[in-house]
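Going down the list, the protein sequences come from chains A and B.
For the first sequence, our numbering begins at 14 and goes up steadily by one.
For the second sequence, our numbering begins at 41 and goes up steadily by one.
Every residue, glycine too, gets a C-beta built ideally from N, C-alpha and C.
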Amino acid sequence: MSYLDRQGEGGLYSWVTSTDHKRIGLLYLTVMTVLFWVAVALGIVMRLKHLSGGDFLISARAYNALFTVHGVIMVFMFVIPGLPAVFGNFFLPILIGAKDVSFPRLNLLSWWLFLTGACLAVLSLFTGSGAPDTGWTFYVPFSIRTGTNVSLAVFAAFVLGLSSILTGLNFITTIHRMRCEGMTWHRMPLFAWAIYSTGWIQVLATPIIGITLLLVILERAFGIGVFDPAKGGDPLLYQHLFWIYSHPAVYIMIVPAMGAVTEIIPTFARRCIFGYKAIAYSSLAIAALGSVVWAHHMFTSGMADLANIIFSLLTFLVAIPSAIKVFNWTATLYKGSVDMQPSMLYALTFVFLFSIGGLSGVMQGALGLNVHLHDTYWIVGHFHYVMFGGTGFAFFAALLYWFPKMFGKQYDPKPAYAAWALMFLGFNMLYGSFMALGYMGMPRRYFAHLPQFHSLHIAATVGSWALVAGLAVFYANLLIALRRGKPAEADPWGGKTLEWTLPSPPPPENFDKLPVVTEAPYHYNPKAPA
Amino acid sequence: MTSMDQEKGHIVEPAVLARVWGALVCLTIGLVSASLASPKLAVLAMLVITPAKAWLVFHYFMHLKYEGPLLKGMVLVALLTLVIFISMMFLDLGFR
Numbered sequence: 014m015s016y017l018d019r020q021g022e023g024g025l026y027s028w029v030t031s032t033d034h035k036r037i038g039l040l041y042l043t044v045m046t047v048l049f050w051v052a053v054a055l056g057i058v059m060r061l062k063h064l065s066g067g068d069f070l071i072s073a074r075a076y077n078a079l080f081t082v083h084g085v086i087m088v089f090m091f092v093i094p095g096l097p098a099v100f101g102n103f104f105l106p107i108l109i110g111a112k113d114v115s116f117p118r119l120n121l122l123s124w125w126l127f128l129t130g131a132c133l134a135v136l137s138l139f140t141g142s143g144a145p146d147t148g149w150t151f152y153v154p155f156s157i158r159t160g161t162n163v164s165l166a167v168f169a170a171f172v173l174g175l176s177s178i179l180t181g182l183n184f185i186t187t188i189h190r191m192r193c194e195g196m197t198w199h200r201m202p203l204f205a206w207a208i209y210s211t212g213w214i215q216v217l218a219t220p221i222i223g224i225t226l227l228l229v230i231l232e233r234a235f236g237i238g239v240f241d242p243a244k245g246g247d248p249l250l251y252q253h254l255f256w257i258y259s260h261p262a263v264y265i266m267i268v269p270a271m272g273a274v275t276e277i278i279p280t281f282a283r284r285c286i287f288g289y290k291a292i293a294y295s296s297l298a299i300a301a302l303g304s305v306v307w308a309h310h311m312f313t314s315g316m317a318d319l320a321n322i323i324f325s326l327l328t329f330l331v332a333i334p335s336a337i338k339v340f341n342w343t344a345t346l347y348k349g350s351v352d353m354q355p356s357m358l359y360a361l362t363f364v365f366l367f368s369i370g371g372l373s374g375v376m377q378g379a380l381g382l383n384v385h386l387h388d389t390y391w392i393v394g395h396f397h398y399v400m401f402g403g404t405g406f407a408f409f410a411a412l413l414y415w416f417p418k419m420f421g422k423q424y425d426p427k428p429a430y431a432a433w434a435l436m437f438l439g440f441n442m443l444y445g446s447f448m449a450l451g452y453m454g455m456p457r458r459y460f461a462h463l464p465q466f467h468s469l470h471i472a473a474t475v476g477s478w479a480l481v482a483g484l485a486v487f488y489a490n491l492l493i494a495l496r497r498g499k500p501a502e503a504d505p506w507g508g509k510t511l512e513w514t515l516p517s518p519p520p521p522e523n524f525d526k527l528p529v530v531t532e533a534p535y536h537y538n539p540k541a542p543a
Numbered sequence: 041m042t043s044m045d046q047e048k049g050h051i052v053e054p055a056v057l058a059r060v061w062g063a064l065v066c067l068t069i070g071l072v073s074a075s076l077a078s079p080k081l082a083v084l085a086m087l088v089i090t091p092a093k094a095w096l097v098f099h100y101f102m103h104l105k106y107e108g109p110l111l112k113g114m115v116l117v118a119l120l121t122l123v124i125f126i127s128m129m130f131l132d133l134g135f136r
């Protein structure tokens with residue numbers, strides 16, 4: 014019996030009250046997939062608007078609402094929680110040889126909070142005096158003065174943050190307390206290391222955004238004057254507090270993505286991972302260094318010069334642990350027997366697109382260049398290369414890699430390849446055009462655009478159609494596999510970590526008898542040290 | 041390897057909890073008095089008395105005193121992170 018068909022526990026009620034970490038992982042996956050498509054639809058409408066430089070399709074006010082809600086949903090409800098909440102929940106306990114997470118009920122509460130936050134965010138679109146129009150950053154003083162429904166959207170982000178903190182706390186405790194016998198720190202799969210590093214960022218940084226968002230609500234409701242310059246408040250303080258969380262949040266997004274890719278590459282290169290410890294500790298280094306670079310989002314805000322220089326330097330440093338991972342993945346591939354299964358193709362695409370996103374981020378860390386690029390389409394292109402090209406493609410790679418294990422069904426690889434071709438082409442047309450537009454001077458969040466930007470806007474919009482077509486093929490293929498896919502083997506890819514020792518899909522409590530681990534993960538080379 | 045069954049239970053004497061509560065009340069009275077006396081004293085009192093109260097709550101009510109080095113270390117990491125964040129904000133606030 015698998016976790017999917019526990020006797021008498023197949024109804025919706027049993028799912029939404031289940032404390033099984035695998036079921037909770039699927040609950041997150043379901044909600045996030047729906048929200049992802051909502052945000053994709055909003056993005057498409059924005060692109061269609063730019064088929065014309067002037068008034069077209071929607072009003073300027075609706076455009077402001079669209080980019081705000083697109084950003085809030087994608088950032089807070091898909092990209093940040095994506096890999097930890099779905100694959101962390103499903104696979105972390107299995108990877109470390111445990112029957113569940115440390116606090117299963119808290120885990121379920123996290124999902125309910127996530128669902129509540131998501132509903133509140135969507136509700137903010139249709140209630141009050143209009144959808145929020147601040148952008149996902151909720152910058153003051155505009156966010157405390159606009160008459161739109163900002164308070165509800167901000168509160169939604171607060172509730173989502175609470176969910177994230179509880180999930181992080183659960184994962185940290187699980188890794189410390191629930192590892193099976195023989196699962197030492199240096200035998201732990203690198204996805205678990207990534208989830209551990211992410212958990213620390215979630216626990217340490219998220220409370221700061223929570224309190225900051227509450228202050229925005231208090232400012233709007235009671236005019237307490239913390240951020241309002243008219244009352245002696247400091248709007249830059251808001252930016253500091255916002256980015257103290259929101260920059261590390263980029264690493265909440267990307268570190269688990271790197272962890273998933275680190276699982277996939279050795280499996281399909283048939284090689285022991287190169288530089289296990291370097292990859293493991295670089296996750297911690299990214300978490301630590303990534304937490305002290307937040308003010309590079311504020312170089313043009315009027316911050317002190319000293320702060321600009323120091324944060325610029327620190328921004329360059331954070332590239333080092335990221336590069337360690339990229340070099341180690343490449344070294345793992347070297348002389349490997351590479352089997353280009355769809356998940357491997359998506360994982361390698363992650364490396365390529367993330368490298369563009371990461372290196373363009375280092376460029377923006379340079380103070381002089383930042384002045385030119387700040388608040389342009391370049392920035393929008395850059396963070397989509399990191400968030401979508403990075404986390405998005407890693408999410409798809411992880412879904413393809415673990416799909417047979419999660420659902421016990423095998424998908425057809427051909428549509429997955431076709432989807433990749435469409436997505437890769439569309440993605441680069443869309444966001445490559447954005448970067449070019451930004452470099453030419455097109456400001457972000459503008460409803461209208463000048464004639465000299467029109468050709469690239471058309472290219473970007475056509476790219477968005479190819480991207481969405483690819484996404485549709487990708488998800489349709491998996492949905493078809495869910496209904497009509499062939500039964501999956503326990504270890505269809507020849508993986509070496511513990512999840513592949515279980516049947517597909519796994520039984521309710523994972524292991525009848527807790528495993529005893531005697532060697533390092535990714536033990537493909539017989540001569541490698543255990 | 042850590043495991044749940046290695047935990048040692050402990051019971052804090054009610055008298056200890058009562059003394060801690062009394063100390064918290066006294067410190068709160070001290071804080072409010074200082075705030076009423078002068079604004080400068082209020083800031084000083086907040087910087088000194090509030091962490092002292094937090095320390096008492098952490099140690100006795102949240103049982104940190106009875107925890108192992110791992111958990112104490114984790115709390116220390118959280119506090120250090122806060123110190124780093126606040127210090128780095130002063131790179132801007134102090135030199136703007």
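Residues of the same chain with a CB within less than 6 Å of the CB of A/G272, apart from the 5 flanking positions on each side, are L203, F204 and A207 in chain order. Within the segment 81 to 102 of chain B, no residue has a Cβ lying closer than 7 Å to any Cβ of chain A. Distances from the CA of A/G174 to each of A/S115, A/Q215 and A/G141 were compared; the closest alpha carbon is that of A/Q215. Of all residues in the segment 248 to 278 of chain A, only L249, L250, H253, L254 and I257 place a beta-carbon less than 9 Å from a beta-carbon of chain B. CA-CA distance, B/K93 to A/P521, rounds to 46 Å. As computed with DSSP, A/V44 is found in no beta bridge at all.
In the three-state scheme derived from DSSP, where H, G and I count as helix and E and B as strand, A/P456 is classed as strand. Counting the other CB atoms within 10 Å of its CB gives A/M353 a total below 16, which places it among the exposed residues. Each residue's CA atom was taken as its position, placing A/P518 and A/G303 some 36 Å apart. Under a criterion of Cβ atoms nearer than 8 Å, no residue of chain A is adjacent to B/I51; the nearest Cβ is some 22 Å distant. For A/I278, the enclosing alpha helix (DSSP H) has its first and last residue at P248 to A282. A/C193 sits away from A/I107, with the two beta carbons spaced by 8 Å or more.
Looking at the backbone, the Cα of A/L527 and that of A/R200 are separated by about 16 Å.
Just so you know, the alpha carbons of A/S123 and A/Y488 end up roughly 26 Å apart. If you look at A/S177, you'll find it in the alpha helix (DSSP H) that goes V163 to R190. Residues of the segment 309 to 323 of chain A that bring their beta carbon within less than 7 Å of a beta carbon in chain B comprise M316, A317, L319, A320 and I323, in sequence order. In terms of beta-carbon proximity, A/V384 stays away from the interface with chain B, with every pair separated by 8 Å or more.
A/F408 sits away from A/L136, with the two beta carbons spaced by 8 Å or more. Bridge pairing for B/T121: absent [DSSP]. Going by C-alpha positions, A/A262 is about 7 Å away from A/I93. Its chain contains F324, T328 and G378 as the residues whose beta carbon lies nearer than 6 Å to that of A/H309, once the 5 sequence neighbours on both sides are disregarded; these appear in chain order. Interface annotation for the segment 279 to 306 of chain A against chain B: S304 and V305, criterion Cβ-Cβ distance under 8 Å. In this structure A/V274 does not touch A/A300 by the C-beta definition: roughly 17 Å separates them, more than the 8 Å allowed.
Flagged as an interface residue toward chain A: B/A118, by a C-beta distance shorter than 8 Å. According to the DSSP assignment, A/E232 belongs to the alpha helix (DSSP H) that extends over L203 to F235. With its beta carbon at least 8 Å from every one in chain A, B/L104 lies outside the interface. Secondary structure of A/K509 (DSSP, three-state): coil. Counting the other Cβ atoms within 10 Å of the Cβ of A/E276 gives 16 or more, which makes it buried. Taking a C-beta distance under 8 Å as the contact criterion, A/G141 and A/N120 do not qualify as a contact pair.
Chain order gives the chain B residues near A/L217 as A118 and T121, where near means a beta carbon separation below 7 Å. Remark: three or more beta-carbon pairs, one from each stretch, lie closer than 8 Å, so the segment 390 to 399 of chain A and the segment 431 to 448 of chain A are flagged as touching. Using a Cβ distance threshold of 8 Å, A/A501 and A/K427 do not count as a contacting pair. Closer than 8 Å to the CB of B/I124 there is at least one CB belonging to chain A. Here the alpha carbons of B/Y100 and B/C66 stand approximately 16 Å from one another.
A/P106 carries a helical assignment under DSSP once its states are collapsed to helix, strand and coil. Short of 7 Å from the beta carbon of A/L330, and not among the five residues preceding or following it, lie these beta carbons of its own chain, in chain order: L302.
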